[in-house]
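By the numbering used here, the letter at position 91 of the sequence shown is numbered 94, and the numbering carries on one by one without gaps.
Read the structure below first, then the notes.
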Amino acid sequence: MELIKKGAEAELYRIMYNGRPAVLKRRVPKRYRVPELDEHIRKTRTRREARLLERARRVGVLTPEVLSVDDKRMEIVLEFVEGERAKEYLLRTRDVGLMRKIGEMVARLHENNIIHGDLTTSNIILSPKGIYFLDFGLGAVSDSVEDKAVDLVCFEKSFIATHSDMAEGGWNAFREGYSAYSEADTVWKRVEQVKRRARYL
Numbered sequence: 004m005e006l007i008k009k010g011a012e013a014e015l016y017r018i019m020y021n022g023r024p025a026v027l028k029r030r031v032p033k034r035y036r037v038p039e040l041d042e043h044i045r046k047t048r049t050r051r052e053a054r055l056l057e058r059a060r061r062v063g064v065l066t067p068e069v070l071s072v073d074d075k076r077m078e079i080v081l082e083f084v085e086g087e088r089a090k091e092y093l094l095r096t097r098d099v100g101l102m103r104k105i106g107e108m109v110a111r112l113h114e115n116n117i118i119h120g121d122l123t124t125s126n127i128i129l130s131p132k133g134i135y136f137l138d139f140g141l142g143a144v145s146d147s148v149e150d151k152a153v154d155l156v157c158f159e160k161s162f163i164a165t166h167s168d169m170a171e172g173g174w175n176a177f178r179e180g181y182s183a184y185s186e187a188d189t190v191w192k193r194v195e196q197v198k199r200r201a202r203y204l
């Protein structure tokens, strides 16, 4: 078992599962939380992430296939997706066309009330099969305009911080792609409200 990544929420390991390459995602205990609360949070997020990954796949957004869920061990086994992270690809190519496609996929998520919760170019993989979205651990199902706006505000902040040399063109392309969502204009208006509130906090 090879450790791939150690994050704030979970550890990722490269494993073999039933003879195929896979990723084991294990939610680790948080010592600063009351044990009963910690277990509840980790169990809830484990179950929710598995459901969101499957829901996204059903509406046509590529995500790793869920191979196994164990909410007692707080583990999910996922298909290993071969490819390059969108982050490295964009740093190398500054391809605004990819941001347009990502916008279309996020539009599809939001059209189906799927909130990713941690949209970054590090959580998107470019595979020969297509564009895969990873890590729905902070995601939710919600029809709230506010939740969708916050999803976009967080992504924009992350995108500009990571890809400052293509920030304007790339984000404009994302907006073009996101316009596929029937309520896009309403969400963008709320995005501006969320940003204004943040400035006065």
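Think of the CB as a built atom: it goes at the ideal place given N, C-alpha and C, for glycine as much as any other residue.
Check your understanding: From Arg58 to Val37, what distance separates their C-alpha atoms?
Key -> The residue labelled residue 58 in the question sits at position 55 within the sequence shown. The residue labelled residue 37 in the question sits at position 34 within the sequence shown. Answer to the nearest angstrom: the Cα atoms are 31 Å apart.
Practice item. Tell whether a beta-carbon distance below 8 Å holds between Leu141 and Ile127. Key: In the sequence shown, the residue the question calls residue 141 occupies position 138. In the sequence shown, the residue the question calls residue 127 occupies position 124. In this structure, the beta-carbon distance from Leu141 to Ile127 does not fall below 8 Å.
Check your understanding: Since Leu6 is in the beta strand (DSSP E), which residue starts that stretch and which ends it?
Key -> Indexing the sequence shown from 1 puts residue 6 at position 3. Start and end: Glu5 to Lys9.
Exercise for review: Specify whether the region 118 to 126 and the region 80 to 93 touch according to this definition: at least 3 beta carbon pairs, one from each stretch, less than 8 Å apart.
Suggested key: yes
Point to revise | Backbone secondary structure at Glu186 - three-state DSSP | key: For this step, residue 186 is matched to residue 183 along the sequence shown. It is coil, neither helix nor strand.
Exercise for review: Please say whether Asp41 and Lys33 have beta carbons closer to each other than 8 Å?
Suggested key: Residue numbering aside, residue 33 sits at position 30 when the sequence shown is read from its first letter. Residue numbering aside, residue 41 sits at position 38 when the sequence shown is read from its first letter. Going by C-beta atoms, Lys33 is nearer than 8 Å to Asp41.
Check your understanding: Could you give the uninterrupted runs of the beta strand (DSSP E) lying entirely in the region 115 to 167, keeping only those of 3 residues or more?
Key -> DSSP runs (the beta strand (DSSP E)) wholly in the region 115 to 167: 127 to 130 and 133 to 136.
**Study point:** Three-way DSSP call (helix, strand, coil) for Glu171 in this model
**Key:** The count along the sequence shown starts at 1 and reaches residue 171 at position 168. It is helical.
Practice item. Could you please give the first and the last residue of the uninterrupted alpha helix (DSSP H) stretch that includes Tyr92? Key: Position 89 of the sequence shown, counted from the start, is the residue given in the question as residue 92. Run containing Tyr92: Ala89 to Thr96, per the alpha helix (DSSP H) assignment.
Review point. What residue from Phe162, Arg60, Ile18 and Gly86 has the CA that sits closest to Ile117's CA?
Key: Residue 117 sits at position 114 when you count from the first residue of the sequence shown. Among Phe162, Arg60, Ile18 and Gly86, the Cα nearest to that of Ile117 is on Arg60.
Review point. Closest by CA to Gly86, which one among Ile134, Ile7 and Glu52?
Key: Taking the sequence shown and counting its residues from 1, the one referred to as residue 86 is at position 83. Among Ile134, Ile7 and Glu52, the Cα nearest to that of Gly86 belongs to Ile134.
Check your understanding: For Ile18, which residues does DSSP report across the bridge?
Key -> By one-based count along the sequence shown, residue 18 stands at place 15. As computed with DSSP, Ile18 is found in a beta bridge with Ala25.
Check your understanding: Is DSSP giving Asp74 helix, strand or coil here?
Key -> Within the sequence shown, the letter at position 71 stands for residue 74. Three-state result, Asp74: coil.
**Study point:** Whether Met19 touches Ala25 by CB criterion (8 Å)
**Key:** The count along the sequence shown starts at 1 and reaches residue 19 at position 16. The count along the sequence shown starts at 1 and reaches residue 25 at position 22. Yes, they are a contact pair.
Review point. Using 8 Å as the threshold, is the region 97 to 106 in touch with the region 61 to 76, meaning 3 or more CB pairs across them?
Key: Contact between the region 97 to 106 and the region 61 to 76 is not established, with fewer than three Cβ pairs separated by less than 8 Å.
Review point. So, does the CB of Thr124 fall closer than 8 Å to a CB anywhere in chain D?
Key: You won't find chain D in this structure, because it holds only one protein chain.
Exercise for review: With DSSP as the reference, please indicate the residues paired to Ile44 in a beta bridge.
Suggested key: Numbered from its first residue, the sequence shown carries residue 44 at position 41. In the DSSP output, where bridge partners are listed per residue, Ile44 has none listed.
Review point. Ordered along the chain, which non-local residues of its own chain (more than five positions away) have a Cβ less than 8 Å from that of Arg50?
Key: The residue given as residue 50 occupies position 47 in the sequence shown. Hits under 8 Å: Val72 and Asp74.
Point to revise | Cut-off 8 Å between Cβ atoms - residues of its own chain near Thr189, not counting five sequence neighbours on either side | key: As a working note, residue 189 is residue 186 in the sequence shown. Cβ neighbours of Thr189 beyond the five flanking positions: Val148.
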